[in-house]
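Below: one structure, written as structure tokens.
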Amino acid sequence: MPFNDASGSDVYRRDLRAGVTTLVSARTGADGRGNGDSRIASISADGTRVAFESAATDLTAADPLFILPLVTGALMFGQTKLTPTPADPQQKMMTVLMPVMFTVFSIFLPAGLTLYIMTNTILGMAQQFLMNRNKDKEPQAAVVPASRAKQPTPRPRR
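Laid out in structure tokens, this is it:
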């Protein structure tokens, strides 16, 4: 049953099996109890779920402002700049086209899926950055002069 929290009411959850009532949300008072204001809360009929209004939009719908798809495409393009350039011209073209294709796909995908792709792109960029940084720190293979190199022992003839 929804109610307006502006009245100052606390939100409680009643566990019918255990017979315990728990304070879920309360206005923060002078005593500091509660977890702050809850603008609009609704408790399910069985009392087990409490849903609060938030600023997050519906992640099952496509992003109406196209912010997530554009940021995802820009991050993917940045990721291609971190990776080594392929020698094959077809692969070079794919590194340019894939961010564009994913941007177009993301316009029609749910925002949650686009957020998932963007998060993985950020993690991939971080991984590639660390790999590139560590590549510069790798020790070079030691070059042994020919005079000190171990010569193969000749096989005895039979």
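In terms of the numbering used here, the sequence shown opens at residue 94 and continues consecutively. From the three backbone atoms N, C-alpha and C, an ideal C-beta is built for every residue, glycine too.
Open item on the list: Could you tell me the alpha carbon to alpha carbon distance between Asp151 and Ala204, rounded to whole angstroms?
Closed with: Within the sequence shown, residue 151 is the residue found at index 58, counting from 1. Within the sequence shown, residue 204 is the residue found at index 111, counting from 1. So the two alpha carbons sit approximately 8 Å from each other.
Open item on the list: Under DSSP, the alpha helix (DSSP H) around Pro162 begins and ends at which residues?
Closed with: Numbered from 1 along the sequence shown, position 69 holds the residue referred to as residue 162. Its alpha helix (DSSP H) spans residues 160-175.
Task: Coil, strand or helix - Arg132 by DSSP - done: Here residue 132 refers to the residue found at position 39 of the sequence shown. The predicted position of Arg132 is uncertain, since its pLDDT is 47 and thus under 50; a value taken from the coordinates is nonetheless stated next. Of the three classes helix, strand and coil, the one that applies to Arg132 here is coil, per DSSP.
TODO: State whether the segment 174-192 contacts the segment 156-164, with contact taken as three or more CB pairs (one from each stretch) at a distance under 8 Å.
DONE: no
Task: 7 Å CB neighbourhood of Leu175 in its chain, flanking five on each side removed - done: As a first step, residue 175 is located in the sequence shown; it is residue number 82 there, counting from the start. Around Leu175: Met218, Gln221, Phe222, Asn225.
- [ ] For the alpha helix (DSSP H) holding Leu152, just list the boundary residues, first then last.
- [x] Walking along the sequence shown from the start, residue 152 turns up at place 59. Boundaries for Leu152: no alpha helix (DSSP H) harbours it, and the DSSP string shows neither H nor E there.
Task: Buried or exposed (CB count within 10 angstroms, at least 16 for buried), Pro247 - done: Translated into the one-based positions of the sequence shown, residue 247 becomes position 154. Pro247 should be labelled exposed.
Task: Status (buried if at least 16 other CB within 10 Å, exposed otherwise) for Thr196 - done: Position 103 of the sequence shown holds residue 196. Of the residues assessed, Thr196 falls on the buried side of the cut-off, its CB having 16 or more other CB atoms within 10 angstroms.
Task: Local conformation of Pro247 per DSSP, three classes - done: Along the sequence shown, read from residue 1 onward, the residue named residue 247 stands at position 154. Here Pro247 sits in coil by DSSP.
Task: Burial state of Met211, where buried means 16 or more other Cβ atoms lie within 10 Å - done: Position 118 of the sequence shown, counting from 1, holds the residue named residue 211. The residue is buried, with at least 16 neighbouring Cβ atoms inside 10 Å.
- [ ] Kindly indicate which three-state DSSP category Thr212 falls into: helix, strand or coil?
- [x] Locating residue 212 in the sequence shown gives position 119, where the first residue counts as 1. Here Thr212 sits in helix by DSSP.
- [ ] Using alpha carbons as the reference points, say which of Ala111, Leu161, Thr178, Met191 lies closest to Phe170.
- [x] Locating residue 170 in the sequence shown gives position 77, counting from the first residue. Closest by alpha carbon: Met191.
TODO: Using a threshold of 8 Å, state whether the C-beta atoms of Pro162 and Ile200 are closer than that.
DONE: Counting from one through the sequence shown, the residue named residue 162 turns up at place 69. Counting from one through the sequence shown, the residue named residue 200 turns up at place 107. Yes, Cβ-Cβ distance for Pro162 and Ile200 is below 8 Å.
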